[in-house]
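Everything below concerns the one structure shown next.
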Amino acid sequence: MYTFITNPNARSGLGQKLWNEIESILTERNVNYQVLFTRYQHHATSLVRELTSDLERHTIVVIGGDGTINEVINGIVRLDKVTLGYIPMGSGNDFARGLALPTDIRQALDNILTPSRYISMDIGLLSYEEEKRRFAVSAGIGFDADVCHQVVISPLKAFFNRLKLGKLTYTGVALHRLLAMETATLTLTLDDGRQVRYPHTYFAAAMNLRFEGGGFMFCPKADYKDGLLDIIVISDLPKLKVLALLPTAFRGWHVRFKGIHITSCKSVDITSERALPLHTDGEPVFRQTHINLCLEPDRLRIIAAP
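All residue numbers for the sequence shown refer to the working numbering, where the first residue is 69 and numbers rise by one.
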């Protein structure tokens, strides 16, 4: 049986309209399913935790954006017991972009109902204070997290969603926050013992997929199945140069320039001289000065594109 986790408020309320269309197809094809609607922030996490607490195998289909994906994976009790399908309905859709999943609604649904290929995906884990949060796409501290925080409350998101240009929300907010932010010194301690200090840092992000923030290819070589996180740090650059480099990140060309640092590791500790914004898959987390990033021991089975 398929369990659909649906965010009716995705894309400023279009999620409900989408579900009505999907439900008619499911009924027409006599599919055995149940649907669970999310009503508030983090509701998907509690719904999925209750669903998977029986430790049985489940096929969960997420209808929403990267934030809904994040909530769902944080509710899964045993990653190795779940098969995940995804129908993208968000502003950024970096999860679908990074896994080359169909973005057309009918094509995505058909791919889920008649799957021909699966992938086994690494899942990231962020630890801070006494808390832990999983991530599928990325987790970051500093500028990229600040952008995510502002996107949540920005009226631009609803405006661009109505125009079907949702990813421009991230670009617009990014330009504004870059001019307003202050840099900080970050110290990274990698799992091989290396410790690197980065002064005047804009942000550090651990990437499980190549894309973040609505299509920025921050880590072009990130691979969801290699058992590693790709870490990007942008530091010691004038704001105007960072501003000029941002558009090149859509193609991954930014990696050619000085001040862009990328490495791979299984885990990393990041310490900041002051508390900075933090995010997992674009979902805001309270400001922190010290975090750890690694991968879960188990992988998640994803219904992939043919």
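The C-beta atom is built at its ideal place from N, Cα and C for all residues, glycine as well. These numbers come from a predicted model, not from an experiment.
Validate contact between the region 78-92 and the region 112-122 using beta carbons, cut 8 Å, 3 pairs: Judged by Cβ distances under 8 Å, the region 78-92 makes no contact with the region 112-122, as fewer than three pairs qualify.
Burial state of Phe286, where buried means 16 or more other Cβ atoms lie within 10 Å: Taking the sequence shown and counting its residues from 1, the one referred to as residue 286 is at position 218. With 16 or more Cβ atoms within 10 Å of its Cβ, Phe286 is classed as buried.
Residue from Thr106, Arg125 and Leu123 with nearest C-alpha to Gly132: Counting from one through the sequence shown, the residue named residue 132 turns up at place 64. Taking only the C-alpha atoms, the option nearest Gly132 is Thr106.
Proximity below 8 Å, CB of Leu147 to CB of Leu368: As a first step, residue 147 is located in the sequence shown; it is residue number 79 there, counting from the start. As a first step, residue 368 is located in the sequence shown; it is residue number 300 there, counting from the start. Contact flag set, yes.
Contact belief for Ile300 with Tyr270 at Cβ below 8 Å, rounded distance in angstroms: Residue mapping note: residue 300 aligns to position 232 of the sequence shown, counting from 1. Residue mapping note: residue 270 aligns to position 202 of the sequence shown, counting from 1. Actually they are not in contact, since the Cβ atoms of Ile300 and Tyr270 sit about 10 Å apart, beyond 8 Å.
Rounded straight-line distance, which links the Cα of Asp294 to that of Leu177: Indexing the sequence shown from 1 puts residue 177 at position 109. Indexing the sequence shown from 1 puts residue 294 at position 226. In a straight line, the C-alpha of Leu177 is about 28 Å away from that of Asp294.
Beta-carbon gap between Leu254 and Leu297 smaller than 8 Å: One-based indexing of the sequence shown puts residue 254 at position 186. One-based indexing of the sequence shown puts residue 297 at position 229. 8 Å or more divides the Cβ of Leu254 from the Cβ of Leu297.
Given Val140 as reference, the closest of Glu351, Ala372, Ile359 and Ala274 once Cα atoms are compared: Locating residue 140 in the sequence shown gives position 72, where the first residue counts as 1. The shortest CA-to-CA distance from Val140 to any of Glu351, Ala372, Ile359 and Ala274 is the one to Glu351.
Reduced DSSP category for Cys216 - H, G, I as helix; E, B as strand; rest coil: Position 148 of the sequence shown holds residue 216. Here Cys216 sits in helix by DSSP.
Alpha helix (DSSP H) segment containing Arg117, residue limits: Looking up residue 117 in the sequence shown gives position 49. Where Arg117 is concerned, the enclosing alpha helix (DSSP H) starts and stops at His111 to Thr120.
Neighbourhood of Val150 by C-beta distance below 8 Å, restricted to the same chain and skipping five residues each side: On the sequence shown, residue 150 is found 82 positions in, with the first residue counted as 1. Excluding positions up to five away in sequence, the list reads Thr120, Arg125, His126, Thr127, Ile128, Ile144, Leu368 and Arg369.
Alpha-carbon to alpha-carbon, Thr251 and His268: The residue given as residue 268 occupies position 200 in the sequence shown. The residue given as residue 251 occupies position 183 in the sequence shown. Those two C-alpha atoms are separated by around 5 Å.
DSSP beta-bridge partners of Ser332: One-based indexing of the sequence shown puts residue 332 at position 264. According to DSSP, Ser332 bridges with Asp298.
The region 167-184 contacting the region 330-340, beta-carbon criterion three pairs below 8 Å: Taking 8 Å as the limit for Cβ pairs, the verdict is that the region 330-340 does not touch the region 167-184.
Whole runs of the alpha helix (DSSP H) within the region 166-192, excluding any shorter than 4 residues: Here the runs fully enclosed are 173-181.
Proximal residues to Phe227 (C-beta, below 7 Å), its chain only, five neighbours per side dropped: As a first step, residue 227 is located in the sequence shown; it is residue number 159 there, counting from the start. Because Phe227 carries a pLDDT of 49, less than 50, the predicted location of this residue cannot be relied on, and no value is offered for it.
Beta-carbon gap between Pro288 and Val323 smaller than 8 Å: To locate residue 288, count along the sequence shown from 1; it is residue 220. To locate residue 323, count along the sequence shown from 1; it is residue 255. Yes, the pair counts as a contact, with Cβ atoms nearer than the cut-off.
Within 8 Å, strictly: CB atoms of Leu363 and Gly327: On the sequence shown, residue 363 is found 295 positions in, with the first residue counted as 1. On the sequence shown, residue 327 is found 259 positions in, with the first residue counted as 1. No, the Cβ-Cβ distance between Leu363 and Gly327 is not below 8 Å.
Where Ala312 falls, given that 16 or more other Cβ within 10 Å makes a residue buried: In the sequence shown, counting from the first residue as 1, residue 312 sits at position 244. The residue in question, Ala312, is exposed, as its Cβ has fewer than 16 Cβ neighbours within 10 Å.
Beta-carbon proximity check, Pro374 vs Arg97, cutoff 8 Å: What you label residue 374 is simply residue 306 of the sequence shown in a count that begins at 1. What you label residue 97 is simply residue 29 of the sequence shown in a count that begins at 1. Result no, Cβ atoms of Pro374 and Arg97 do not sit closer than 8 Å.
For Ser92, three-class secondary structure by DSSP: Working through the sequence shown from its first residue, we reach residue 92 at position 24. Of the three classes helix, strand and coil, the one that applies to Ser92 here is helix, per DSSP.
Spatially closest choice to Asp190 from Tyr154, Leu277, Gly158 and Ile209, by CA coordinates: Within the sequence shown, residue 190 is the residue found at index 122, counting from 1. The shortest C-alpha separation from Asp190 is found at Leu277.
Selection from Asp291, Phe279 and Leu314 that minimises the alpha carbon distance to Gly160: What you label residue 160 is simply residue 92 of the sequence shown in a count that begins at 1. When each option's Cα is compared against that of Gly160, the closest is Phe279.
8 Å Cβ cutoff met for Ile90 and Ser195: The sequence position of residue 90 within the sequence shown is 22, counting from 1. The sequence position of residue 195 within the sequence shown is 127, counting from 1. Taking a C-beta distance under 8 Å as the contact criterion, Ile90 and Ser195 do not qualify as a contact pair.
Local conformation of Glu376 per DSSP, three classes: Nothing can be reported for residue 376, as the shown portion of the chain is limited to 69 through 374.
Helix, strand or coil at Thr255 according to DSSP, with G and I counted as helix: On the sequence shown, residue 255 is found 187 positions in, with the first residue counted as 1. Residue state, collapsed to three classes: strand.
Cα-Cα separation between Leu231 and Ala273, rounded to whole angstroms: As a working mapping, residue 231 is identified with position 163 in the sequence shown. As a working mapping, residue 273 is identified with position 205 in the sequence shown. Because Leu231 carries a pLDDT of 44, less than 50, the predicted location of this residue cannot be relied on, and the following value inherits that uncertainty. Distance between the alpha carbons of Leu231 and Ala273 is about 29 Å.
Beta strand (DSSP E) segment containing Asn75, residue limits: Within the sequence shown, numbered from 1, the residue matching residue 75 stands at position 7. Unbroken run through Asn75: none, as it is neither H nor E.
CA nearest to the CA of Ile371, picked from Gln109, Pro76 and Ile180: Reading the sequence shown from its first residue, position 303 is the one you call residue 371. Out of Gln109, Pro76 and Ile180, Ile180 has the C-alpha closest to the C-alpha of Ile371.
Local Cβ density within 10 Å of Pro345, reported as buried at 16 or more and exposed below that: The residue you call residue 345 lines up with position 277 of the sequence shown. The residue is buried, with at least 16 neighbouring Cβ atoms inside 10 Å.
Cβ pair Val215, Gly283 closer than 8 Å: Within the sequence shown, numbered from 1, the residue matching residue 215 stands at position 147. Within the sequence shown, numbered from 1, the residue matching residue 283 stands at position 215. For Val215 and Gly283, no; Cβs fall outside 8 Å.
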